[in-house]
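In what follows, a single structure is set out as structure tokens and then discussed.
There are 2 protein chains.
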Amino acid sequence: MTGRPRTFDRDAALAVAVEQFWREGYEKTSVAKLTAAMGLSPPSLYAAFGDKHRLFEEASAAYFRRTCDAVDRATALPNTRDSVARMLEDTALAHTDDTTPPGCLMLTEARLVAQREDLHRRIRERLDQGVQDGDLETSVHTDHLASFLVTVMRGMSGLARDGGTTEELLSIADTAMAAFPSQ
Amino acid sequence: MTGRPRTFDRDAALAVAVEQFWREGYEKTSVAKLTAAMGLSPPSLYAAFGDKHRLFEEASAAYFRRTCDAVDRATALPNTRDSVARMLEDTALAHTDDTTPPGCLMLTEARLVAQREDLHRRIRERLDQGVQDGDLETSVHTDHLASFLVTVMRGMSGLARDGGTTEELLSIADTAMAAFPSQ
DNA sequence: ATCATAACGTAGTGATCGCTATAGAACGTG
DNA sequence: CACGTTCTATAGCGATCACTACGTTATGAT
Chain A
1 MTGRPRTFDR DAALAVAVEQ FWREGYEKTS VAKLTAAMGL SPPSLYAAFG DKHRLFEEAS
61 AAYFRRTCDA VDRATALPNT RDSVARMLED TALAHTDDTT PPGCLMLTEA RLVAQREDLH
121 RRIRERLDQG VQDGDLETSV HTDHLASFLV TVMRGMSGLA RDGGTTEELL SIADTAMAAF
181 PSQ
Chain B
1001 MTGRPRTFDR DAALAVAVEQ FWREGYEKTS VAKLTAAMGL SPPSLYAAFG DKHRLFEEAS
1061 AAYFRRTCDA VDRATALPNT RDSVARMLED TALAHTDDTT PPGCLMLTEA RLVAQREDLH
1121 RRIRERLDQG VQDGDLETSV HTDHLASFLV TVMRGMSGLA RDGGTTEELL SIADTAMAAF
1181 PSQ
């Protein structure tokens, strides 16, 4: 007993929801906007994704996974300074990519605190590794430095939403690197 | 023909509105929440302040004036580095003052782009003065440095909203100062 | 006292919010 | 074919949104 098959691509619809939440945030994104953008009726949305909150969780998780891929590519660089510089440059470029909404869902949406803490942890762990590798002096407070970096990225996301250009964000990334402790 | 006098203090009611918008933002603050917090009926609110949008404009303008006072006190310091350091420290303290909502209304509310541009201009002008005073080398790109500083403050506001402590924000302010060009 | 003026509280406007009851349509299985 | 299952679309649920019509009350001026 398989029943009637669904007429829409669940992953494609989820991608549209990601884009919608990304562009307008959780609160300003109504279910009516979602159903219109995703091209399905309210009952179909609720049957496939639960409710608005669970859809947001699934969408933001998908977004987070994509972001973490980029972070992981940066942290994989052998030199710690290069790794952090890459991360900030990636951020500047991603937040002003004109094929996607400006800024970053994870860094802008108030309720995604846990994701931001996860990002902070990933960065701190990369810095800790840098200390072990001898890239950073043992006196460096990696937790505080990670907080600084997340704070800069977050501010960059806000600036991108205000219409900040790629060049502007890249210059901020560059300036922030001046605060990175030299070996 | 003076008519019946109003039974509430307009300035006090406005201060309550500032606090409400500060704590929850424009979208999440309903007129019902405002009337309850301000202790007046909807018709009184609309008679005294126009509509929700004009009330927000008045409230955010009052908030901005207060913020600018602190900025002006910092920019008044003779040394440019001291001036910027003070600004960042003030930001860390103000955003985590437990007698007020966490973070900053101006830096968090999406629609206050103009106020942020104003803040950016004030900081850049202080840095330009620093160049004239010989506090900063003429090679310093004051516009980019100002963008960096606003970006850090903005990120600090977000962190404060996530529950970041005064110590955490102060350490970020301190780290950011490492990016400030030495004389 | 009488009047005009303006703020007051009650009660409710249409629109939109997130969400769902209901009934019909499209599948695999008998 | 009929049956059970699951998706579909329509239409609408109660709650809340920003906002206001309306009748009352409190003032100063006459």
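Protein sequence lines correspond, in order, to chains A and B.
Each residue of the first sequence is one higher than the one before, counting from 1 in this note's numbering.
Each residue of the second sequence is one higher than the one before, counting from 1001 in this note's numbering.
Cβ atoms here follow ideal geometry from the backbone N, Cα and C, with glycine treated the same way.
Computed from a predicted model, the values in this text were never measured in an experiment.
Option nearest residue i by Cα separation, candidates the options
i	options	result
G1039/B	D1133/B, L1149/B, E1027/B, F1008/B	F1008/B
G158/A	L105/A, L136/A, A76/A	L105/A
E1109/B	T1091/B, F1064/B, A1032/B, P1005/B	F1064/B
D1011/B	D1098/B, A1062/B, G1103/B	A1062/B
E24/A	H144/A, M177/A, E168/A, R161/A	R161/A
A94/A	D51/A, C68/A, H141/A	C68/A
S1041/B	M1177/B, A1013/B, A1074/B, R1111/B	A1013/B
K28/A	M156/A, R86/A, K52/A, A92/A	K52/A
E89/A	M177/A, P181/A, A36/A	M177/A
D1098/B	Y1026/B, G1164/B, H1141/B	G1164/B
A114/A	T100/A, M156/A, M87/A, S60/A	S60/A
A1146/B	G50/A, S147/A, A146/A, M156/A	M156/A
A92/A	F1148/B, G1003/B, A1076/B, R1116/B	F1148/B
Cα-Cα separation between residue i and residue j, rounded to whole angstroms
i	j	result
A1047/B	E1019/B	20 angstroms
L45/A	W22/A	18 angstroms
T190/A	L1136/B	Because chain A in this structure spans residues 1 to 183, residue 190/A falls outside the shown range and cannot be described.
G103/A	A1032/B	32 angstroms
S30/A	E58/A	16 angstroms
R121/A	L112/A	15 angstroms
S1107/B	T1096/B	Position check: residue 1107/B holds Leu in this sequence, whereas Ser was assumed. If you take the alpha carbons of L1107/B and T1096/B, they lie about 14 angstroms apart.
A17/A	H141/A	39 angstroms
A74/A	D118/A	16 angstroms
L55/A	A37/A	14 angstroms
S139/A	V131/A	9 angstroms
A1070/B	L34/A	43 angstroms
M1087/B	T1100/B	18 angstroms
E1168/B	G1134/B	32 angstroms
Y26/A	D72/A	26 angstroms
F1180/B	P1005/B	55 angstroms
V84/A	D1143/B	23 angstroms
S1182/B	R1116/B	26 angstroms
G3/A	G1050/B	56 angstroms
A76/A	M1/A	48 angstroms
A1015/B	P1043/B	19 angstroms
R1066/B	R66/A	41 angstroms
Chain B residues whose Cβ lies nearer than 8 angstroms to that of residue i
i	result
R154/A	R1154, G1155, G1158, L1159
E168/A	H1144, S1147
Contact set between residue i and chain A, taken where Cβ atoms lie within less than 7 angstroms
i	result
T1151/B	V152, G155, M156, L159, I172
7 angstroms Cβ cut-off: residues of chain B touching residue i
i	result
T175/A	H1144, L1145, F1148, A1179
A110/A	R1161
Interface residues of chain A facing residue i [CB-CB closer than 8 angstroms]
i	result
K1028/B	E27
V1113/B	D162, G163
- Query: If you pair each beta-carbon of the stretch 1164-1182 of chain B with each one of the stretch 1137-1156 of chain B, do three or more pairs fall below 8 angstroms?
  - Reply: yes
- Anything in the stretch 1116-1148 of chain B with a Cβ closer than 9 angstroms to a Cβ of chain A? List those residues in chain order, please. R1116, E1117, H1141, D1143, H1144, L1145, S1147, F1148
- Query: Taking a cut of 8 angstroms between CB atoms, which residues from the stretch 59-85 of chain A lie near chain B?
  - Reply: none
- Query: For the 8 angstroms Cβ check, are there 3 or more pairs between the stretch 1080-1100 of chain B and the stretch 1121-1141 of chain B?
  - Reply: Taking one beta carbon from each stretch, the stretch 1080-1100 of chain B and the stretch 1121-1141 of chain B have 3 or more pairs nearer than 8 angstroms; the two touch.
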